Every structure is written in C-alpha cells, then in structure tokens.
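A.B. asks:
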Amino acid sequence: MNQYWTFKRDGTIRYLGRVGEFFRYQDRCLASYNFGPESHMVIYNCSTAPKPTTIWVVDAYGSIKSPISGSSVTTANPDNNYEVTLENTNYTSNQGWLPTNYTAPFPVSLMGFNDLCLKLRGTSNLWLQECANRGVGREWYIYTDGTIRPTSAPHRCLTCNTPFEESEVIVMECVRGGWSSQRWTFNNNGTIMDIRSGLVLDVQNLDGNLPQVIISPPNGKPSQKWLPLL
1 MNQYWTFKRD
11 GTIRYLGRVG
21 EFFRYQDRCL
31 ASYNFGPESH
41 MVIYNCSTAP
51 KPTTIWVVDA
61 YGSIKSPISG
71 SSVTTANPDN
81 NYEVTLENTN
91 YTSNQGWLPT
101 NYTAPFPVSL
111 MGFNDLCLKL
121 RGTSNLWLQE
131 CANRGVGREW
141 YIYTDGTIRP
151 TSAPHRCLTC
161 NTPFEESEVI
171 VMECVRGGWS
181 SQRWTFNNNG
191 TIMDIRSGLV
201 LDVQNLDGNL
211 PQVIISPPNG
221 KPSQKWLPLL
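Read the sequence shown against UniProt numbering and you will find it ends at 230, with the numbers running on by one and no gaps.
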C-alpha cells in the first residue's frame, strides 16, 4: 500500500505517510483549495489551512463530502493521471471510497433467489445458475469504488441501463472516469442497491428458463435478496 490515512473525530482526514514514515506527518490534513467544483485536493498543514477546507463527512455509500458544499472527493479519469478534485456529488464510481487496509478487490459469488448464483452469460447478459456449478463467469469482484465486475473480465462492470423501475441490468465496459450506473452498495437487508436511483437488484420471469435481472423498488421479496459468498 502506498499511503496511509486516519480519520479523526474532529472531522479531519490525516496523512500518516508510507510504511516506516508513521508519525513523520502528524499535522498533515486532506484539504481542498475551495468548495466549488474542480477544486484541487491537497495534503496541507492542519494548523494553517482554513479549518472548513479540512473537515469531511463520509456518507453511508462511501462518498467523502464537504459539509459546507456537499461536494464529493472525486478521482479524475486516467487521462488526467487520476488527479483528485472536489466535484458535485453524483454518486459515480470515481466518488466511491472505502477505508480499508486491504486494497485488492474481493472475489465473491452472489447467491440470490432459490440459492442460485448470478452468472455472466456471454459477454453482457446475466442469468442465474446453481452455485454448485463453478463455471467461468460465476465469480465476481467487489471493488472499493462500488463497482461489481466479473473475475473473467475485470475491465467490465455490472451496469443498469437507466435509473428507472424494471431497467435491465447487464455487464458492459467500465466507463473511464466513473459512471453512476456502475456503482452499487450492499445493504444490511441483503439488497444490492443502485445508489443514484435507490432501486435494488431484482429478478423477474422467475418461472421462465431465463430469468431477467433488473432493478426495482425495494419490496422485501426473496428475488431481491443476495448473499456474497467469499
């Protein structure tokens, strides 16, 4: 891991340095130049930086926000060398963060309705299959930015076409710079939610040969319950 940070009770996020450098940077804070869009993020002296520029809140979905403007810490696309700025909150995957010491994606199986597992069919379509069949495409990576990707094609992301009820969920190329339709959160009630719409991963046509994976309003039904199997 390159760099370590710590979250303080005063709302600051402090830079600890790299391994072997701990306590060398005791007074360095994550700060923004101002509160507007495209404001650059920097590591600055906590005692001299204007206090409002160093205070942050982390919401339930992993966005790091300024409590003054509501803007979120955002990574740019690779063309801009992943520069970090403050941008309007839109819950794209490049605004997703996870405080963790383990930065690699988590490989899981996603078990859902009737104890069947979510599987990639071809390159884009989804279906359910018995979890005992450990074929290629049944395993998924959960990334810290909120994306869910097939282990057989980690450059592709679970994606909902539109943020509307019964929109189909497919797998497509991960968008450079982040997309809100490719960011998901796992809720305590077993649902997997599209953050931008509040709709959850669901299965329809349960009696057919090819159940369709969609997003729909939470209703507590078994077709909306998912269990990540490590």
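In this text, a Cβ means the ideal position worked out from N, Cα and C, and glycines have one as well. For clarity, every value in this text was computed on a predicted model and none was experimentally measured.
Roughly how far, in whole angstroms, is the beta-carbon of ASN94 from the beta-carbon of GLY177, given that I think they are within contact range, below 8 Å?
C.D. replies: Locating residue 94 in the sequence shown gives position 94, where the first residue counts as 1. Locating residue 177 in the sequence shown gives position 177, where the first residue counts as 1. Confirmed, about 6 Å.
A.B. asks: Grouping DSSP H, G and I as helix and E and B as strand, with all else coil, what is THR54?
C.D. replies: On the sequence shown, residue 54 is found 54 positions in, with the first residue counted as 1. In the structure shown, THR54 sits in a helix (DSSP, three-state: H, G or I).
A.B. asks: Going by alpha carbons, who is nearest to SER47 out of ILE55, PRO222 and TYR82?
C.D. replies: Indexing the sequence shown from 1 puts residue 47 at position 47. Residue ILE55 is the option with its Cα nearest to SER47.
A.B. asks: With a cut-off of 8 Å on the beta carbons, I'd call GLN182 and LEU158 a contact; round off their distance for me.
C.D. replies: Here residue 182 corresponds to residue number 182 of the sequence shown, with the count starting at 1. Here residue 158 corresponds to residue number 158 of the sequence shown, with the count starting at 1. 7 Å between Cβ atoms; contact.
A.B. asks: How would you call SER71, buried or exposed, if buried means at least 16 neighbouring beta carbons within 10 angstroms?
C.D. replies: Position 71 of the sequence shown, counted from the first residue, corresponds to residue 71. With 16 or more Cβ atoms within 10 Å of its Cβ, SER71 is classed as buried.
A.B. asks: Checking 8 Å against the spacing of the C-beta atoms, do LEU227 and ILE215 come in under that value?
C.D. replies: Locating residue 227 in the sequence shown gives position 227, where the first residue counts as 1. Locating residue 215 in the sequence shown gives position 215, where the first residue counts as 1. Their beta carbons are not under 8 Å apart, which means LEU227 does not touch ILE215 by this criterion.
A.B. asks: Taking buried to mean at least 16 other C-beta atoms within 10 Å of its own C-beta, is TYR44 buried or exposed?
C.D. replies: Numbered from 1 along the sequence shown, position 44 holds the residue referred to as residue 44. Buried: at least 16 other Cβ atoms inside 10 Å.
A.B. asks: So the beta strand (DSSP E) GLN212 belongs to, where does it begin and stop?
C.D. replies: The count along the sequence shown starts at 1 and reaches residue 212 at position 212. Counting along the chain, the beta strand (DSSP E) containing GLN212 begins and ends at 212–216.
A.B. asks: Just to confirm, are PHE106 and TYR141 a CB contact at a threshold of 8 Å?
C.D. replies: Working through the sequence shown from its first residue, we reach residue 106 at position 106. Working through the sequence shown from its first residue, we reach residue 141 at position 141. Their beta carbons are under 8 Å apart, which means PHE106 touches TYR141 by this criterion.
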